[in-house]
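Participant:
2 protein chains.
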Amino acid sequence: MLSGYQIAAFDAAHLEAVQAAIDFKTKPPGSLGRIEQLALQIAGAQGTLKPAADPARLLLFAGDHGMVAEGVSAWPSEVTTQMVANFLAGGAAANVFARANDMAITIIDAGIAGELPDSPQLVRANIAKGTRNAMHEDAMSSAELSAALEFGASLAARAVEDGARVIALGEMGIGNTSSAALLAHAVEGLDLTQLCGPGAGLDAPGVARKAEILKRIAARRPGRLAPNDALAAFGGLEIAGMAGALIGAAARGGIVLVDGFIATAAALCALRARPDAMPYVVFAHRSKEPGHRLLLETLGAEPLVDLDLRLGEGTGALLAFPLLRAACAMLGEMATFASAGVSGKEG
Amino acid sequence: MLSGYQIAAFDAAHLEAVQAAIDFKTKPPGSLGRIEQLALQIAGAQGTLKPAADPARLLLFAGDHGMVAEGVSAWPSEVTTQMVANFLAGGAAANVFARANDMAITIIDAGIAGELPDSPQLVRANIAKGTRNAMHEDAMSSAELSAALEFGASLAARAVEDGARVIALGEMGIGNTSSAALLAHAVEGLDLTQLCGPGAGLDAPGVARKAEILKRIAARRPGRLAPNDALAAFGGLEIAGMAGALIGAAARGGIVLVDGFIATAAALCALRARPDAMPYVVFAHRSKEPGHRLLLETLGAEPLVDLDLRLGEGTGALLAFPLLRAACAMLGEMATFASAGVSGKEG
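Residue numbers (the working numbering), protein chains in the order written: chain U, 1 to 347; chain D, 1001 to 1347.
#1: Taking the alpha carbon of alanine 20 of chain U as the point to measure from, which residue in U:Ala8, U:Gly44 and U:Ala9 has its own alpha carbon closest?
#2: Is leucine 309 of chain U helix, strand or coil by DSSP?
#3: Taking the alpha-carbon of serine 154 of chain U as reference, which of U:Gly33, U:Gln6, U:Gly332 and U:Leu268 has the nearest alpha-carbon?
#4: Taking the alpha helix (DSSP H) that glycine 1090 of chain D belongs to, which residues open and close that run?
#5: Taking Cβ to Cβ, would you say leucine 60 of chain U is nearer than 8 angstroms to alanine 94 of chain U?
#6: Using a threshold of 8 angstroms, state whether the C-beta atoms of isoleucine 262 of chain U and alanine 180 of chain U are closer than that.
#7: Whole-angstrom Cβ separation of valine 1258 of chain D and alanine 1317 of chain D, contact assumed at under 8 angstroms?
#8: Look at the alpha carbon of proline 76 of chain U and the alpha carbon of lysine 1050 of chain D, and state the distance between them as a whole number of angstroms.
#9: Mind checking the stretch 265-289 of chain U against chain D and listing, in chain order, the residues whose C-beta falls within less than 8 angstroms of any C-beta there?
#10: Ignoring anything shorter than 3 residues or poking outside the stretch 1222-1269 of chain D, list the beta strand (DSSP E) runs there in chain order.
#11: I'd like to know if the stretch 1108-1121 of chain D and the stretch 1070-1084 of chain D are in contact, where contact means that at least 3 CB-CB pairs between them fall below 8 angstroms.
#12: Taking 8 angstroms as the threshold (beta carbon to beta carbon), is arginine 293 of chain U in contact with chain D?
#13: Which parts of the stretch 97-165 of chain U are runs of the alpha helix (DSSP H), unbroken and 4 residues or longer, counting only runs that do not cross its ends?
#14: For a minimum of 3 consecutive residues, which ranges assigned as the beta strand (DSSP E) are wholly contained in the stretch 1280-1325 of chain D?
#15: With 8 angstroms as the C-beta to C-beta threshold (strictly closer), list the residues of the stretch 1032-1055 of chain D near chain U in chain order.
#16: Tell me the DSSP bridge mates of isoleucine 167 of chain U?
#17: Do we get a CB-CB distance below 8 angstroms when we pair leucine 307 of chain U with the residues of chain D?
#18: Please identify the residue among D:Arg1099, D:Gly1344, D:Lys1210 and D:Leu1299 whose C-alpha is closest to the C-alpha of valine 1068 of chain D.
#19: Using the beta-carbon of each residue, which ones in chain U are nearer than 9 angstroms to leucine 1145 of chain D?
#20: How about glycine 130 of chain U and aspartate 64 of chain U: do their beta carbons lie closer than 8 angstroms?
#21: Straight-line CA distance for alanine 249 of chain U to glycine 1004 of chain D?
#22: What residues are listed by DSSP as bridge partners for glycine 1063 of chain D?
#23: Start and end of the alpha helix (DSSP H) containing valine 68 of chain U?
#24: I need the straight-line Cα distance from methionine 1330 of chain D to aspartate 1138 of chain D, nearest angstrom please.
#25: Please list, in chain order, all residues of the same chain as methionine 1278 of chain D whose beta carbon is under 7 angstroms from its beta carbon, the five residues on each side excluded.
#26: Can you confirm whether the stretch 1331-1338 of chain D touches the stretch 1020-1039 of chain D when touching is taken to mean that 3 or more C-beta pairs between the two stretches lie within less than 8 angstroms?
#27: I want to verify the contact list: residues of chain U whose CB lies under 7 angstroms from the CB of lysine 1345 of chain D, in sequence order.
#28: Using the Cβ count rule (16 or more neighbours within 10 Å means buried), how would you classify glutamate 212 of chain U?
#29: Mind checking whether leucine 319 of chain U and glycine 170 of chain U have CB atoms under 8 angstroms apart?
#30: Counting C-beta neighbours from all protein chains within 10 Å, is the total for histidine 1292 of chain D 16 or more, i.e. buried, or is it exposed?
#31: When we look at the beta-carbon of aspartate 102 of chain U and count the other beta-carbons within 10 Å, is it buried (16 or more) or exposed?
#32: Going by the CB atoms, is the gap between glycine 197 of chain U and glutamate 289 of chain U shorter than 8 angstroms?
#33: Counting only beta-carbon separations shorter than 8 angstroms, does lysine 27 of chain U have a partner in chain D?
#34: So, does the CB of leucine 1116 of chain D fall closer than 8 angstroms to a CB anywhere in chain U?
#35: Going along the chain, which residues of its own chain have a beta-carbon closer than 7 angstroms to the beta-carbon of leucine 1122 of chain D, five neighbours each way excluded?
#36: Could you list the residues in the stretch 1185-1218 of chain D with a C-beta less than 7 angstroms from some C-beta on chain U, going in chain order?
Right, here's the structure in full:
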């Protein structure tokens, strides 16, 4: 996947130097837990002892899903476009959290069905106006998939080249918990019923109905699929965009902050194809959508926070981001035992 | 405890209005999980639909413990004063995280043994230069305890009167995980061995030795004690200061953000005496110190984050604070379905 994007391995000697610098800080070794791990990871990616998390940018990919026609969502497809308009107007949760935490957002029409006027804040992929209905045919052609992957990768790579240190990945797309569940099932063989949750608000009978529909959709392309094949069969354009963006950002040395269930499904596809990107990835949170826990366990990922979120839009990534900022500040600004004149342990 | 500080109950009709406002926002109801609960709590405390978490201030209480002479800590007592000097110089983790998250710090000598020059940033309680050795006598006289409680309460009350919306409580004090364990044991009857952990860095034999010492100290005042009696017997001046600050802040309508094990032990003493303060309290994090989990469960508290921290200094509160800021922004700034023209659920 995206073999033109080469990803550098972290330098082992540098990581040792970073760990030593962390251990000299005025605190018991290891006492800042996950913050120390984050500092090591970000400093490893950036090849420095003074890492930075700012500026940071959320790439917010929106797309529509043909399979919504099968009744998998509690909400009509038109909400995707309406919510993109809400992002552009600055009124959504993602906008509010980005402002609260001093992050930038790029709003991306990765393939929405509705029409929106041009806006300087809106980036358009111009690939398709939503996916086809995966019940009857592949959601995307392989050419569309390649275009979506390349679009996401080049967008993220450019964002890092333009200065972003952290690329957060979030999404909006009615029906995309269904797409994410199908991808996790096809790529990893995880149980569809366990992957299937309420999404944006189905009740229990709705979830059971959704699981039955997803099983029928999955049966069109049974068995384990390679990430590319799974994305073409069941993917969303916004999911392919995020998968590409993960690889593109990592290839430029950017830290990738992955949001919830759908972003993690995109990360799964990207990382199974490109495990060399894993050192650059931070999983922001564990969402309430039940499939997310399963997917994180599969990836061996321990997310930073668990706040019972189930909104998407990158909200979990935006909420977790200050921890990355704090980790960088810890490494860059904290005094050492020697500089502060603090005694060591006894005995 | 501190009966002169009256605490107002939240208004039930106002809480209903806040919940309705949260539910009208452009997101599936409940989909922002803990953030919605935080918004409700802060708006409830402030009696408004446009709550604010800024400005926020960490009250960082430092104190020394006579029982360190018994060998309960891996670090010498002098580190308390050295770390206060580090706070004043801006080089500690607490300083770095406060700067990263735009919070203010008040550094408080609640009763340290060492000498420090005057500084405009240092507030002195002038009660005692550390506690007495609780193995042989009460750590504080009842007059000292009253002074420490009143000092903390008036400091926090003044901070809220001066504009702080959130008062974070953190501490520094070599030996104070021992004091916290003894308090939790005496006030709640929790098992001392389970409450006893490595603190700032004991190894396993050290933890076992610490537990034996704590059992002997506890035996001097056996059985369940009232919060005041427990604080006098085993408390630290910094712990009493935090207990007072919790009540003082709540009495002025401030949100209290409680840090780790020691701050939670202070909160336990305050809340068992003054349960009317509970609605104002947010527990920031679950630390790696094993007693903290037990204490949080006892209080029915679900902390915001779990980052394997075990440093103290208010670091967990400082790291969790942006979630409060985001919660306020969500309620104050997010669009409603009606204002954004977003469709509702189908069916």
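In this text, a Cβ means the ideal position worked out from N, Cα and C, and glycines have one as well.
All figures in this text were calculated on a predicted structure; none of them were measured in a lab.
Facilitator: The short version:
#1: Indexing the first sequence from 1 puts residue 20 of chain U at position 20. Of U:Ala8, U:Gly44 and U:Ala9, the residue nearest in Cα terms is U:Gly44.
#2: Position 309 of the first sequence, counted from the first residue, corresponds to residue 309 of chain U. Leucine 309 of chain U: coil per DSSP, three-state reduction.
#3: Taking the first sequence and counting its residues from 1, one reaches residue 154 of chain U at position 154. With distances taken between Cα atoms, serine 154 of chain U lies closest to U:Gln6.
#4: Sequence index remark: in the second sequence, residue 1090 of chain D carries index 90 (1-based). Looking at the DSSP string, glycine 1090 of chain D is not in any alpha helix (DSSP H), and its letter there is neither H nor E.
#5: Position 60 of the first sequence, counted from the start, is the residue given in the question as residue 60 of chain U. Position 94 of the first sequence, counted from the start, is the residue given in the question as residue 94 of chain U. Yes, they are a contact pair.
#6: Here residue 262 of chain U refers to the residue found at position 262 when the first sequence is read from its first residue. Here residue 180 of chain U refers to the residue found at position 180 when the first sequence is read from its first residue. Closer than 8 angstroms, so yes.
#7: On the second sequence, position 258 is the one that residue 1258 of chain D refers to. On the second sequence, position 317 is the one that residue 1317 of chain D refers to. Contact holds; Cβ gap of about 7 angstroms.
#8: Taking the first residue of the first sequence as 1, we reach residue 76 of chain U at position 76. Taking the first residue of the second sequence as 1, we reach residue 1050 of chain D at position 50. Each residue's Cα considered, the two are about 31 angstroms apart.
#9: Lys288
#10: 1255-1258
#11: yes
#12: Here residue 293 of chain U refers to the residue found at position 293 of the first sequence. With 8 angstroms as the cut-off, arginine 293 of chain U does not count as an interface residue toward chain D.
#13: 142-161
#14: 1281-1283
#15: Leu1032, Gly1033, Arg1034 and Ile1035
#16: Sequence index remark: in the first sequence, residue 167 of chain U carries index 167 (1-based). DSSP lists U:Arg57 and U:Val256 as partners of isoleucine 167 of chain U.
#17: The residue given as residue 307 of chain U occupies position 307 in the first sequence. Closer than 8 angstroms to some Cβ of chain D, the Cβ of leucine 307 of chain U qualifies, so yes.
#18: Taking the second sequence and counting its residues from 1, the one referred to as residue 1068 of chain D is at position 68. If we check each option's Cα against that of valine 1068 of chain D, D:Lys1210 comes out closest.
#19: Residue numbering aside, residue 1145 of chain D sits at position 145 when the second sequence is read from its first letter. Chain U residues near leucine 1145 of chain D: none, gap ~29 angstroms exceeds 9 angstroms.
#20: Start at 1 with the first residue of the first sequence, and residue 130 of chain U comes out as number 130. Start at 1 with the first residue of the first sequence, and residue 64 of chain U comes out as number 64. A contact, by the Cβ cut-off of 8 angstroms.
#21: Position 249 of the first sequence, counted from the first residue, corresponds to residue 249 of chain U. Position 4 of the second sequence, counted from the first residue, corresponds to residue 1004 of chain D. Going from the Cα of alanine 249 of chain U to the Cα of glycine 1004 of chain D covers about 58 angstroms.
#22: Here the question's residue 1063 of chain D lines up with position 63 in the second sequence. Paired residue(s): D:Gly1111.
#23: In the first sequence, residue 68 of chain U corresponds to position 68, counting from 1. Looking at the DSSP string, valine 68 of chain U is not in any alpha helix (DSSP H), and its letter there is neither H nor E.
#24: The residue given as residue 1330 of chain D occupies position 330 in the second sequence. The residue given as residue 1138 of chain D occupies position 138 in the second sequence. Each residue's alpha carbon lies about 48 angstroms from the other.
#25: Indexing the second sequence from 1 puts residue 1278 of chain D at position 278. Closer than 7 angstroms at Cβ, skipping near neighbours: Leu1271.
#26: yes
#27: To locate residue 1345 of chain D, count along the second sequence from 1; it is residue 345. Here the neighbours are Ala74, Trp75 and Gly201.
#28: In the first sequence, residue 212 of chain U corresponds to position 212, counting from 1. So glutamate 212 of chain U ends up on the exposed side.
#29: Translated into the one-based positions of the first sequence, residue 319 of chain U becomes position 319. Translated into the one-based positions of the first sequence, residue 170 of chain U becomes position 170. No, Cβ-Cβ distance for leucine 319 of chain U and glycine 170 of chain U is not below 8 angstroms.
#30: Taking the first residue of the second sequence as position 1, residue 1292 of chain D is located at position 292. The residue is buried, with at least 16 neighbouring Cβ atoms inside 10 Å.
#31: The sequence position of residue 102 of chain U within the first sequence is 102, counting from 1. So aspartate 102 of chain U ends up on the exposed side.
#32: Counting from one through the first sequence, the residue named residue 289 of chain U turns up at place 289. Counting from one through the first sequence, the residue named residue 197 of chain U turns up at place 197. The answer is yes: Cβ separation under 8 angstroms.
#33: In the first sequence, the residue the question calls residue 27 of chain U occupies position 27. Taking Cβ atoms only, chain D reaches closer than 8 angstroms to lysine 27 of chain U, which makes this a yes.
#34: By one-based count along the second sequence, residue 1116 of chain D stands at place 116. No, its Cβ sits nowhere closer than 8 angstroms to a Cβ of chain U.
#35: One-based indexing of the second sequence puts residue 1122 of chain D at position 122. Taken in chain order, the residues that qualify are Leu1088, Ile1107, Asp1109 and Leu1116.
#36: Ala1200 and Gly1201
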